[in-house]
Each structure stands twice: as C-alpha cells, then as structure tokens.
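Heads up: the structure comes next, in structure tokens.
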Amino acid sequence: MKNKGSFAAAGDLFITRKLPDKGYEGLEELTAFIRSHDIRFVNLEMTVHDREGYPFAFSGGTWAMGHPSLLKDIQKYGFNVYNGANNHSMDYSHNGLMATIRYLKAADMNFAGIGENLADASAPIYIEGEHIRVGMVAAVSSCHPAWAAGTQRPDMKGRPGVNPLRYQEKFHVTKENYELLQKLADEIEINAQEKQNIKEGFATAASGSFHFGTYEFVQDLDNHRESIPDEQDLQRIIRSIQEARKQSDYVMVSIHSHEMNASDKEQPAQFLKTFAHACIDAGADVIIGHGPHILRGIEIYKGKPVFYSLGNFLFENDTTSYQPADFYEYYKMPADSMVGDGMDFRSRGGTIGLSVNPDVWRSVIASWDVEDRHAKEIRLYPIHMGMELPRYRKGLPAFSADDELLKHLARLSAPFGTNIEIQDHVGIIRVESGPLPSSTS
Numbered sequence: 001m002k003n004k005g006s007f008a009a010a011g012d013l014f015i016t017r018k019l020p021d022k023g024y025e026g027l028e029e030l031t032a033f034i035r036s037h038d039i040r041f042v043n044l045e046m047t048v049h050d051r052e053g054y055p056f057a058f059s060g061g062t063w064a065m066g067h068p069s070l071l072k073d074i075q076k077y078g079f080n081v082y083n084g085a086n087n088h089s090m091d092y093s094h095n096g097l098m099a100t101i102r103y104l105k106a107a108d109m110n111f112a113g114i115g116e117n118l119a120d121a122s123a124p125i126y127i128e129g130e131h132i133r134v135g136m137v138a139a140v141s142s143c144h145p146a147w148a149a150g151t152q153r154p155d156m157k158g159r160p161g162v163n164p165l166r167y168q169e170k171f172h173v174t175k176e177n178y179e180l181l182q183k184l185a186d187e188i189e190i191n192a193q194e195k196q197n198i199k200e201g202f203a204t205a206a207s208g209s210f211h212f213g214t215y216e217f218v219q220d221l222d223n224h225r226e227s228i229p230d231e232q233d234l235q236r237i238i239r240s241i242q243e244a245r246k247q248s249d250y251v252m253v254s255i256h257s258h259e260m261n262a263s264d265k266e267q268p269a270q271f272l273k274t275f276a277h278a279c280i281d282a283g284a285d286v287i288i289g290h291g292p293h294i295l296r297g298i299e300i301y302k303g304k305p306v307f308y309s310l311g312n313f314l315f316e317n318d319t320t321s322y323q324p325a326d327f328y329e330y331y332k333m334p335a336d337s338m339v340g341d342g343m344d345f346r347s348r349g350g351t352i353g354l355s356v357n358p359d360v361w362r363s364v365i366a367s368w369d370v371e372d373r374h375a376k377e378i379r380l381y382p383i384h385m386g387m388e389l390p391r392y393r394k395g396l397p398a399f400s401a402d403d404e405l406l407k408h409l410a411r412l413s414a415p416f417g418t419n420i421e422i423q424d425h426v427g428i429i430r431v432e433s434g435p436l437p438s439s440t441s
C-alpha cells in the first residue's frame, strides 16, 4: 500500500488566556478543518507551568508562561504535533522547561526540540497517520547560548535545554576597510581581553579573519555580510533527519528562527536558507519555519516545500499573568508596576510594536496531501486574529477571505520562483515532483 496522508501546519501559538466556555465565532469551523487532516502541526511558543521555574535573566522578549490548564484549550484546536524549541523555551530556566515537559507528557501531547539533555532535545518524534508514519525533528536558531541542551557523558549528566541551530556571521570587507578596522582596534584596544584569553589558553586565534570586538571580519573584494549554520549543529540535525528517514514514511523539520536578511524582517537569513536546503538534501520532505510573527515566502526546493515562516496562529503576547522584576527594571518602571502597566509602556499605549503591525494579526494555515512523499498541491487558507479588538481580547484565530494577504504572500514567494494562484480565497501552489535526495542513510 502506498503511504499517503494529509497535513495541516500553522505558525506560532502563544496562548495566555482560557478560551470562552461557549467558544467564539469561527472556532468550530477552524477546528473541524484542522482535525480533518492526519498530521496537524503548530509551534508551541510557551512555557507551561504555574511559576515553577526561576525567571531567566534574559527572555525571548516577553517571559512566556501559560497555566497548565491552558493545554486543554490548546488541544481543542486539534493539533497532534508541536515544536517546543523557540526563543521562549527557557524563559523560566531549567525548572520551567522541565515542568513544561512534564505537563506536555501528562497531557499526551507529541512534542520535539526540547529535552533533559541534547540527545532528547534533538531526537525525532513520530506521529501515526492512518496510512502514513511521520517523523519530525525540531530546532531553534533564536535563543540565548546558555539555552542549548548539553550532551550526556558516561561520567556527567547532560543539561536540559533546546535543540540549537547556532550560526556564524562574517563581515566581508575590502582590504582598505580591513586594515582600517585593524588599526582602530589596536588604538582603542577593543580586543585586549581576547588577546589575553588566547595567551592564557582560554580562547583560540581566528584563522584567516579578524575580530573587532564580538564581530568577525574577513578581507575580500567587496563589502558584504555572510551567515552560515554551525557545522556541528547542522550535522547533528542531519543525523536525526536520517534516522527519521529510516523509521518513517515522511520527515518534517520544524525550525524557529527570527533572524532576518540584513534589515528586512520579511526575508529569512542566509544561514536559514542554507539549512533548509541541507535538510531536504539529507531526506527531509518539508521545512516548517516560524518565529518572526509575520509571514515569509515559500520556496519549493527539489519538489519539497520550505515555509520560511507561517506567522502566527494564536497570539496573546500582551496578556501574560506575570512578568518578573527584570521586565520592569528593563523599562525603568516603578517596583509596584503590574503587567498591564508594562504592556502599556512597551507599546507606548498601543501605538508601536507588534500590536499595531497588521501583518502580525493575519496569517495562513498550510494544507497539503502527500502520496509516496510527494505533494502535488499546497493550499493556503488565510486566518485573522482580531487586530481591531482590545489587547485583552484579540489574538484568537478564525478563517478570513483575505485575498490581499494571499497576494502579499505571493509577492514574498516570487523571488523563490514560487507561483501562488488565488481561487475562492485560497492560495494554491502547484508542485512539480523534484529529484529525491540521493542519500537516505
């Protein structure tokens, strides 16, 4: 029997409020649609616990915590596979992460990308469809370095954390600029500590490049910026993809990445495109990106879809119940400030930031059917999250007939050579079968 199945994928789910007891307009239609698919993915952009972790000194922007009772509301939407690796996974340090893992397991929710050690965080998980078995590997590039899970050793425990995709940035500059930077660095002694660390064996000297503070520069014929995925992280993720390839009919890779190309948030970073192609070359069948809270373009690489960002699915970023002292101290607010005060200050009374960006509050759910690893057509269904509502009520998803959004996504996808047709308020991508990766071992 041929392996075949249906897939639905959405972007970020950031939930902080319980759903109304009687639901809301559009909920039933949305959940029925999601549940009509075999494999149903969303990114869980939350930690889930009741103040059971210590606030980390550095957060993903808002310290994201939802009460465990919210898991029942999340499950009402019908998703059956989640990415837990994102820029909020460690907002409440190791205790918060481990509490999240316990609650997700108790609720029988399939998740990947986080774990008690690096082996757990990087391992593929499997979802059983009626006629298809799917493996998923999840990772995050947008996280504090200390959030990476640690490797278990025979003589030492590993460290809880996320499955990281780190990356290196290099700034290529002309000979004239390179020498100017070297001269300036010597004059202001910006690299004094690095030189001392190298002298004492706590760091190694760069080969063929030069550091100006924390930035690495390379002499070249012109000036440009380069970003590449960390080779060790890339190879670890590829090994997980290859394992999933042996154990399942279809392999998904979920990647949470805020990084952008130069100053354009709608364009994915160079390293992310390199990563996506390498994953498909290794045997992945789809790359599902999320993170920047807006849509990014869709690429079809060797007949396989790459969603560089599916934007938001449910977004209640401004109605967390608690924020640690660090949040208020960052904005130099009085010690007796509360969450509403902090959100008002951050958004300048709702006049700046994510709350007033229309692209944050509208997105798509992607839907496709596969047979023998190939999807002939991808369908894109617009959703909206009620931007016009007050802060404490907006964020809940429902379908919309937003052709302008689909046209916007078509413009973002065109540079990748992807054509999106619009039929009855649904975006359609026709997929030609590309060559399967040569290596599946």
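Take the sequence shown: its position 90, counting from 1, is numbered 90 in my numbering, and each next residue is one higher. For every residue, glycine included, the Cβ atom is placed at its ideal position computed from N, Cα and C.
Pairwise C-alpha distance: A335 and I298: Taking the first residue of the sequence shown as position 1, residue 298 is located at position 298. Taking the first residue of the sequence shown as position 1, residue 335 is located at position 335. Taking the straight line from one Cα to the other gives about 45 Å.
Determine the extent of the alpha helix (DSSP H) in which K302 is found, giving its start and end residues. Position 302 of the sequence shown, counted from the first residue, corresponds to residue 302. First-last for K302: undefined, no H or E at that position.
Are the CB atoms of V48 and L30 within a distance shorter than 8 Å? One-based indexing of the sequence shown puts residue 30 at position 30. One-based indexing of the sequence shown puts residue 48 at position 48. Not closer than 8 Å, so no.
Can you tell me where the alpha helix (DSSP H) holding E187 begins and where it ends? The residue labelled residue 187 in the question sits at position 187 within the sequence shown. Counting along the chain, the alpha helix (DSSP H) containing E187 begins and ends at 175 to 188.
What does DSSP give as the partner residue(s) for S254 in the beta ladder? The residue given as residue 254 occupies position 254 in the sequence shown. The partner list for S254 (beta bridge, DSSP) reads A138, I288.
Contact between the region 353 to 364 and the region 385 to 402 is defined here as three or more beta-carbon pairs at a separation below 8 Å; is this criterion met? Judged by Cβ distances under 8 Å, the region 353 to 364 makes contact with the region 385 to 402, as three or more pairs qualify.
Quick check on the DSSP output: the beta strand (DSSP E) that includes F56 runs from which residue to which? Against the sequence shown, residue 56 aligns to sequence position 56. That residue, F56, is in no beta strand (DSSP E); it is neither H nor E in DSSP.
Can you list, in chain order, the residues of its chain with a C-beta nearer than 6 Å to that of F111? Leave out the 5 residues immediately preceding and following it. Here residue 111 is taken as the residue at index 111 of the sequence shown, counted from 1. Cβ within range, chain order: Y82, G84, L104.
Cβ-based neighbour list, K488, same chain, cut-off 8 Å, excluding 5 preceding and 5 following: Residue 488 lies beyond the residue range present for the chain, which begins at 1 and ends at 441; the question has no answer from this structure.
Classify N117 as helix, strand or coil using the three-state DSSP reduction. For this step, residue 117 is matched to residue 117 along the sequence shown. If DSSP states are grouped into helix, strand and coil, N117 belongs with coil.
Could you give the residue range of the alpha helix (DSSP H) that holds H277? On the sequence shown, position 277 is the one that residue 277 refers to. First-last of the alpha helix (DSSP H) with H277: 270 to 282.
Selection from Q182, Y178, S248 that minimises the alpha carbon distance to Q219: The residue given as residue 219 occupies position 219 in the sequence shown. For Q219, the closest of Q182, Y178, S248 by C-alpha to C-alpha distance is Y178.
Please state the DSSP three-state secondary structure of Y111. For the purposes of this step, residue 111 is identified with residue 111 of the sequence shown, where counting begins at 1. Correcting the residue identity first, residue 111 is Phe in this sequence and not Tyr. Looking at F111 - three-state DSSP - the assignment turns out to be strand.
In chain order, what residues of the same chain have a beta carbon less than 6 Å from the beta carbon of T440, not counting five sequence neighbours either side? By one-based count along the sequence shown, residue 440 stands at place 440. Unreliable placement is indicated for T440, whose pLDDT of 44 sits below 50; no coordinate value is reported for it.
Helix, strand or coil, according to DSSP, for L13 in the structure here? Residue numbering aside, residue 13 sits at position 13 when the sequence shown is read from its first letter. Strand at L13.
Counting along the chain, where does the alpha helix (DSSP H) carrying I34 start and finish? Counted from its first residue, the sequence shown places residue 34 at position 34. Residues 27 to 35.
Cβ neighbours of G208 in the same chain (closer than 8 Å, five flanking residues each side left out): Reading the sequence shown from its first residue, position 208 is the one you call residue 208. Same-chain partners within the cutoff: V218.
Using 8 Å as the Cβ pair cut-off and three pairs as the minimum, do the region 84 to 102 and the region 50 to 64 touch? Yes: at least three Cβ pairs fall under 8 Å.
Indicate the three-state DSSP secondary structure (helix, strand or coil) for V48 in the structure shown. What you label residue 48 is simply residue 48 of the sequence shown in a count that begins at 1. Three-state DSSP puts V48 in a strand.
If you reduce the DSSP assignment to three classes, tell me which class D249 lands in. Working through the sequence shown from its first residue, we reach residue 249 at position 249. The answer is coil: DSSP assigns D249 none of H, G, I, E or B.
Please give me, in chain order, every unbroken run of the alpha helix (DSSP H) with length at least 4 that falls completely inside the region 309 to 373. 325 to 330, 339 to 346
Between the Cα of R362 and the Cα atoms of Q75, D38, G213, P397, which residue gives the shortest distance? Position 362 of the sequence shown holds residue 362. Checking every option, the nearest Cα to that of R362 belongs to P397.
Considering only C-alpha positions, which residue in the set Y392, A410, R166, P164 is nearest to L19? Taking the sequence shown and counting its residues from 1, one reaches residue 19 at position 19. Nearest of Y392, A410, R166, P164 to L19, Cα basis: Y392.
So, for A107: in the same chain, excluding its five sequence neighbours on each side, which residues have a beta-carbon less than 6 Å away from its beta-carbon? Residue numbering aside, residue 107 sits at position 107 when the sequence shown is read from its first letter. Around A107: L71.
Proximity winner among N117, Q323, S248, Y322, relative to D442 (alpha-carbon distances): Outside the displayed range of the chain (1 to 441) lies residue 442, so it cannot be described from this structure.
Name the DSSP beta bridge partners of E216, please? For the purposes of this step, residue 216 is taken as residue 216 along the sequence shown, with counting starting at 1. DSSP lists K170, H211 as partners of E216.
If I measure Cβ to Cβ from M333 and keep anything under 8 Å in the same chain, skipping five residues before and after, which residues do I get? Taking the first residue of the sequence shown as 1, we reach residue 333 at position 333. Correct list, in chain order: D341, G342, F345.
From what residue to what residue does the alpha helix (DSSP H) around L412 run? Within the sequence shown, the letter at position 412 stands for residue 412. Its alpha helix (DSSP H) spans residues 403 to 413.
Could you pull the DSSP bridge partners for I378 from this structure? By 1-based counting over the sequence shown, the position of residue 378 is 378. In DSSP, I378 forms a bridge with W368, I429.
Does F79 come out as helix, strand or coil in the three-state DSSP assignment? Along the sequence shown, read from residue 1 onward, the residue named residue 79 stands at position 79. Note: F79 maps to coil in three-state DSSP.
Quick one: residues in its chain with C-beta nearer than 6 Å to the C-beta of Q235, no 5 flanking neighbours on either side, listed in chain order? As a working mapping, residue 235 is identified with position 235 in the sequence shown. Closer than 6 Å at the Cβ level, and outside the excluded window around Q235, lies no residue.
Which residue wins for smallest C-alpha separation from S227, given the options I294, Y331, G350, L165? Here the question's residue 227 lines up with position 227 in the sequence shown. Of the candidates I294, Y331, G350, L165, the one whose C-alpha sits nearest the C-alpha of S227 is L165.
How would you label S122, buried or exposed, when you count the other beta carbons within 10 angstroms and need 16 or more for buried? On the sequence shown, position 122 is the one that residue 122 refers to. Its Cβ being crowded by 16 or more others within 10 Å, S122 is buried.
Quick one: is T174 buried, meaning 16 or more other Cβ sit within 10 Å of its Cβ, or exposed? Counting from one through the sequence shown, the residue named residue 174 turns up at place 174. So T174 ends up on the exposed side.
Just how far apart, CA to CA, sit S6 and Y330? Numbered from 1 along the sequence shown, position 6 holds the residue referred to as residue 6. Numbered from 1 along the sequence shown, position 330 holds the residue referred to as residue 330. About 45 Å.
Where R133 sits in the DSSP three-state scheme: Your numbering for residue 133 matches position 133 in the sequence shown. The answer is strand: DSSP assigns R133 an E or B state.
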